[in-house]
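A.B. asks:
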Amino acid sequence: MDFWFGLLQSILQTAIAPTTAAFVLAAIGLNIHFGFTGLMNMGQAGFMLVGAYGFGVSVVLGAGFWAALGIAIAAAIIFALILGIPTLKLRGDYLAIVTIAAAEVIRMVVKLAVLQDITGGPSGIPGQRYRPVFTELSPLPEGRTTIFGLSYANTGVDDWWTRIVAWGLVLVFLLITWALMRSPWGRVLKGIREDEDAVRSLGKSSYAYKMQALILGGVMGAFGGIVMALPAAMQPDSMGRPMTFNLWMIMLLGGAATIFGPLLGSILFFTVRLVLTSLAGEFIPSSVLSAQQTEQLAWILIGISLILLVVFRPQGVLGNKKELSFNV
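Be aware that the sequence shown starts at 1, since it is given in the UniProt record's numbering, and climbs by one per residue.
And the structure:
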């Protein structure tokens, strides 16, 4: 009984964790890129990295919270322009190759030893160097608060303040996405996804709309990177290729071209992995599977589940097959 109660509590902790919210934010941006516009962006982790380091480096160099946030947003916009201007005329696999390469270039640049004093190199930037400007904004009183059996400090490293801000951003970006996709601008994006030539024949600049979508989704990814770095530390390898693949898994799991797909996909992704590892650790003897092997088994089962999902329900949990017409 204690195991099942502990498992339920762990599921709740995982579902509201800032990391889960960070993945939701980045997946919402990726959904704008691919789900609504049809852009095969395989470098969303690059936008997260640019946003996180734009914020962290600015704070380390003396900027305040709002100035650092503005610099992070500007860095994501500049990255989107540099990436999009020469590449948005590409389609399908070619765009995917370029975007994943660009994200890897950014990661390698951040890890350069010559930038050690600024970016921290491969070790990254410890959270205590940039987190104080965020915690100082907290209006919550000192102490701890317990809600539904979950107890955290009101303000600190693993705190309610970070969770409130993270999930508040998720709510804001979901509302923005919902409003934009119901607008004429959003309908043009869907038209580009389904038949770009038809949109151009109506006098619309598909290139301009795709650039706008790339910038918007990239800024959302930058916010995801900032939220992911706030509770812990800023480390370049934590936002590499696996991050982008996980974001794609989350988006496809919840349903591409849906408003709440990234939210549901992220929660399912983290909770299912937690349940699999917990059950395996509890009921499979350590002589059969070690803790490391249990984690690997969970990833294998998640991968198999994704394959089955793509084969038998490609639209995801919340998706609609009518939204799966892509001109890529």
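Idealized CB from N, CA, C, for every residue including glycine.
DSSP three-state label for R144, please.
C.D. replies: Position 144 of the sequence shown, counted from the first residue, corresponds to residue 144. Note: R144 maps to strand in three-state DSSP.
A.B. asks: From which residue to which residue does the alpha helix (DSSP H) around Y130 run?
C.D. replies: In the sequence shown, residue 130 corresponds to position 130, counting from 1. Where Y130 is concerned, there is no enclosing alpha helix (DSSP H), given that its DSSP letter is neither H nor E.
A.B. asks: So what's A233 in DSSP terms, helix, strand or just coil?
C.D. replies: Taking the first residue of the sequence shown as position 1, residue 233 is located at position 233. Correct three-state label for A233: coil.
A.B. asks: What do you get for V235, buried or exposed, if any count of 16 or more other CB atoms within 10 angstroms of its CB means buried?
C.D. replies: Taking the first residue of the sequence shown as position 1, residue 235 is located at position 235. Note that residue 235 is Gln in the sequence shown, not Val. Counting Cβ neighbours within 10 Å, Q235 comes out buried, since at least 16 surround it.
A.B. asks: Just to confirm, are L39 and I106 a CB contact at a threshold of 8 Å?
C.D. replies: Your numbering for residue 39 matches position 39 in the sequence shown. Your numbering for residue 106 matches position 106 in the sequence shown. The answer is no: Cβ separation not under 8 Å.
A.B. asks: Would you grab the beta carbon distance between L174 and L263 for me? Rounded to a whole angstrom, and I think it's under 8 Å.
C.D. replies: Counting from one through the sequence shown, the residue named residue 174 turns up at place 174. Counting from one through the sequence shown, the residue named residue 263 turns up at place 263. That pair is a contact at about 7 Å.
A.B. asks: In whole angstroms, what is the alpha-carbon distance linking W185 and I192?
C.D. replies: Start at 1 with the first residue of the sequence shown, and residue 185 comes out as number 185. Start at 1 with the first residue of the sequence shown, and residue 192 comes out as number 192. Going from the Cα of W185 to the Cα of I192 covers about 11 Å.
A.B. asks: Answer yes if the stretch 151 to 167 comes into contact with the stretch 11 to 26, meaning at least three C-beta pairs across the two stretches below 8 Å, and no otherwise.
C.D. replies: Counting Cβ pairs under 8 Å, three or more are found: they touch.
A.B. asks: Spell out a yes or no on whether the stretch 111 to 119 and the stretch 204 to 218 are touching, meaning 3 or more CB-CB pairs, one atom from each, closer than 8 Å.
C.D. replies: Flag = no, the stretch 111 to 119 and the stretch 204 to 218 do not touch.
A.B. asks: Just checking, does the stretch 116 to 136 make contact with the stretch 229 to 245 on the three C-beta pairs under 8 Å criterion?
C.D. replies: They touch, by the three-pair rule.
A.B. asks: Would you list the one or two residues that DSSP bridges to S151?
C.D. replies: In the sequence shown, counting from the first residue as 1, residue 151 sits at position 151. T146.
A.B. asks: Return yes when the Cβ of A76 is within less than 8 Å of the Cβ of L247, no when it is not.
C.D. replies: Against the sequence shown, residue 247 aligns to sequence position 247. Against the sequence shown, residue 76 aligns to sequence position 76. Cβ atoms of L247 and A76: not closer than 8 Å.
A.B. asks: Pairing CB atoms from the stretch 241 to 261 with CB atoms from the stretch 133 to 153, are three or more of them under 8 Å?
C.D. replies: Cβ pair count under 8 Å is below three, so no.
A.B. asks: Relative to the alpha-carbon of G56, which residue among L81, R129, L95 and F23 has its alpha-carbon at the smallest distance?
C.D. replies: In the sequence shown, counting from the first residue as 1, residue 56 sits at position 56. The shortest C-alpha separation from G56 is found at R129.
A.B. asks: Residues bridged to R195 by DSSP?
C.D. replies: If you number the sequence shown from 1, residue 195 lands on position 195. At residue 195 the sequence reads Asp, which differs from the Arg that was named. For D195, which the question treats as bridged, DSSP gives no partner whatsoever.
A.B. asks: Could you tell me the boundaries of the alpha helix (DSSP H) in which F34 lies?
C.D. replies: The residue labelled residue 34 in the question sits at position 34 within the sequence shown. Segment: none, F34 is in no alpha helix (DSSP H) and carries neither H nor E.
A.B. asks: Can you find the residues in the same chain that come closer than 7 Å, C-beta to C-beta, to Y209, ignoring five residues on each side of it along the sequence?
C.D. replies: Indexing the sequence shown from 1 puts residue 209 at position 209. Cβ neighbours of Y209 beyond the five flanking positions: V188, L189 and I192.
A.B. asks: With H, G and I counted as helix, E and B as strand and the rest as coil, what does DSSP make of D158?
C.D. replies: One-based indexing of the sequence shown puts residue 158 at position 158. Here D158 sits in coil by DSSP.
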